[in-house]
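Undergrad: Going by numbering that gives the first Met the number 0, the first residue of the sequence shown is number 0, and it counts up by one from there. Just so it is clear, CB atoms sit at the ideal spot from N, CA and C, and this is done for glycine as well. These figures come from a predicted structure and were not determined experimentally. After the structure tokens below, expect a handful of questions from me.
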Amino acid sequence: MEVKIILEENMILILSNKSVKGCWKIADLGCSSGPNTLLCISNIMNIIHNINLKLNHEKPLFQIHVNDVFENDFNTIFKLLPDFFQQEKEKHDGECFISATPGNFYGRLFPNNYIDFFHSSYNLHWLSQAPENLVKNGEPLNKKNIYISKTSPPSVYDAYFK
Numbered sequence: 000m001e002v003k004i005i006l007e008e009n010m011i012l013i014l015s016n017k018s019v020k021g022c023w024k025i026a027d028l029g030c031s032s033g034p035n036t037l038l039c040i041s042n043i044m045n046i047i048h049n050i051n052l053k054l055n056h057e058k059p060l061f062q063i064h065v066n067d068v069f070e071n072d073f074n075t076i077f078k079l080l081p082d083f084f085q086q087e088k089e090k091h092d093g094e095c096f097i098s099a100t101p102g103n104f105y106g107r108l109f110p111n112n113y114i115d116f117f118h119s120s121y122n123l124h125w126l127s128q129a130p131e132n133l134v135k136n137g138e139p140l141n142k143k144n145i146y147i148s149k150t151s152p153p154s155v156y157d158a159y160f161k
């Protein structure tokens with residue numbers, strides 16, 4: 000629920016600071032391949048529809064880019080699209096176009112100023128490489144953990160927060 004509030008606040012900021020006319024271009028980075036991908040997209044679309052109604056803006060059009068690594072099974076998402084499109088049409092009677100954009104989101108995926116809104120549920124959980132200084136005298140500092148925990152020494156916190 001808290002994420003939805005944050006999304007709403009950011010969409011309001013975007014709409015008040017920039018007039019997105021016609022088509023919203025949205026990218027879901029690290030979308031994976033299950034139904035949660037379409038749930039996130041649907042939530043974002045609902046928020047935009049509701050804000051547009053409040054502001055008396057035109058009904059939005061959506062161009063959605065789902066992104067994940069090349070090995071992702073995008074066909075799983077595509078098989079869910081007929082039901083998704085039907086549900087969205089019943090809710091908002093708007094148009095939505097969805098395409099896959101495979102690739103690593105640590106690199107460039109889109110032209111400059113192309114995407115109006117980026118969403119990612121997972122990209123903050125992963126780093127492209129481990130921070131330096133996690134080993135001292137050949138021993139790992141964060142023993143028995145693959146994440147920062149209550150038992151992690153301060154030097155592990157420092158390494159990740161630099």
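1. Under the three-state reduction of DSSP, which class applies to residue 155: helix, strand or coil?
2. When burial is assigned at 16 or more other CB atoms within 10 Å of the CB, is residue 158 buried or exposed?
3. Does residue 123 pass the burial test, meaning 16 or more other C-beta atoms within 10 Å, or should it be called exposed?
4. Starting from residue 27 and walking both ways along the beta strand (DSSP E), at which residues does that stretch end?
5. From the DSSP secondary-structure annotation, give me the bridge partner or partners of residue 140.
6. Please check if any C-beta of chain C sits within less than 8 Å of the C-beta of residue 96.
7. Taking the beta carbon of residue 106 as the centre, do at least 16 other beta carbons fall within 10 Å, making it buried, or is it exposed?
8. Looking at the structure shown, is residue 133 part of a helix, part of a strand, or coil, going by DSSP?
9. Do residue 39 and residue 120 have their C-beta atoms closer together than 8 Å?
TA: Looking at the coordinates:
1. helix
2. buried
3. Low confidence applies to residue 123: its pLDDT is 49, below 50, so where it sits in the model is not reliable enough to give any reading.
4. 22-28
5. Beta-bridge pairing links residue 140 to no other residue.
6. No chain C appears in this structure, which consists of one protein chain only.
7. exposed
8. coil
9. yes
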